[in-house]
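The numbers in the sequence shown follow numbering that gives the first Met the number 0, run straight up by one, and end at 191.
Below is one structure; the comments refer to it alone.
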Amino acid sequence: MQSTALSDLFTRPSRIWTFGPVVTLPIFNSGRNRANIALAEARQQELLIRYEQTILHAFRGLEDALTAHHKTREALTAHRKTVQASREEPGIAEYRHKSGLTSYLNVLDAQRTLITQEIAESRTLLAQLVTVVRIYRALGGGWDTDLHQGGWLPPQPANHTHGQAMTSASRWVNRARNSASRARILRHTRNL
């Protein structure tokens with residue numbers, strides 16, 4: 000509006016501006032605006048595709064972790080059965096040796112076999128625990144759970160309290176260390 004005084008309000012130039020069309024859209028920027036809208040839509044589409052890929056990657060990681068856990072669980076069950084069956088062999092070999100039926104080498108061989116199978120069982124347990132960590136990571140982690148209730152670790156004894164006894168995992172680690180020590184001793188005795 001060109002009139003600055005009240006007396007000039009109804010003069011001819013003031014009326015033209017008052018009744019004339021007011022254009023607020025930029026006429027010469029319409030191509031740029033369309034390009035900006037197209038760019039924003041393309042970015043939105045790209046972000047959507049990235050989001051979908053991230054979700055698919057997460058599901059693939061979770062599926063791989065669950066599959067690995069299932070396989071290591073089956074392998075651990077098989078190793079436990081093998082170790083349980085092999086526990087009697089050193090005693091039988093010792094009895095045969097004392098009876099004079101076999102040499103002491105058979106006793107040492109039975110002990111070595113048992114130790115080797117116990118080490119394999121411990122390694123399989125470690126692999127299973129690693130798969131649990133992979134599952135946690137695939138799900139995002141950040142929550143507390145009792146691994147003994149979920150079947151991830153061997154059950155604890157009924158009289159177990161937190162401060163009294165070692166955890167099952169600690170017992171497995173100690174068992175693996177003892178097995179490794181026995182294996183080293185057997186190798187050393189063979190070299191003598």
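Glycine included, each C-beta is placed from N, C-alpha and C at the ideal position.
- When the beta-carbon positions are compared, Gln127 and Leu55 stay at least 8 Å from each other.
- Where Leu107 is concerned, the enclosing alpha helix (DSSP H) starts and stops at Tyr103 to Leu138.
- For Arg72, the three-state secondary structure derived from DSSP is helix.
- Residues Ser102, Tyr103, Asn105 and Val106 of the same chain have their beta carbon placed closer than 8 Å to that of His96, with the five preceding and five following residues left out of the count.
- The straight-line gap separating the alpha-carbon atoms of Thr123 and Gln52 is approximately 32 Å.
- Using a 10 angstroms sphere on the CB of Gln116, the tally of other CB atoms reaches 16 or more, which defines it as buried.
- Leu138 and Leu61 have their alpha carbons spaced roughly 7 Å apart.
- Membership of Arg95 in the alpha helix (DSSP H) is indicated by the continuous run Glu88 to Ser98.
- Residue burial is scored here from C-beta neighbours: Ser121 has at least 16 other C-beta atoms within 10 angstroms and is therefore classed as buried.
- A straight-line Cα-Cα distance of about 49 Å links Thr81 and Ile48.
- For Arg79, same chain residues with a beta-carbon under 7 Å away, outside a window of 5 residues either side, are Glu120 in chain order.
- With respect to Ala57, Thr130 sits apart: the two C-beta atoms are not nearer than 8 Å.
- Only buried fits Leu113, as 16 or more other CB atoms lie within 10 angstroms of its CB.
- Under the three-state reduction of DSSP, Asn28 is assigned to coil, being neither helix nor strand.
- Closest in alpha carbon position to Gln110, among Gly99, Leu100 and Ala92, is Ala92.
- Around the beta carbon of His69, a 10 Å sphere encloses fewer than 16 other beta carbons of the protein chains shown; the residue is thus reported as exposed.
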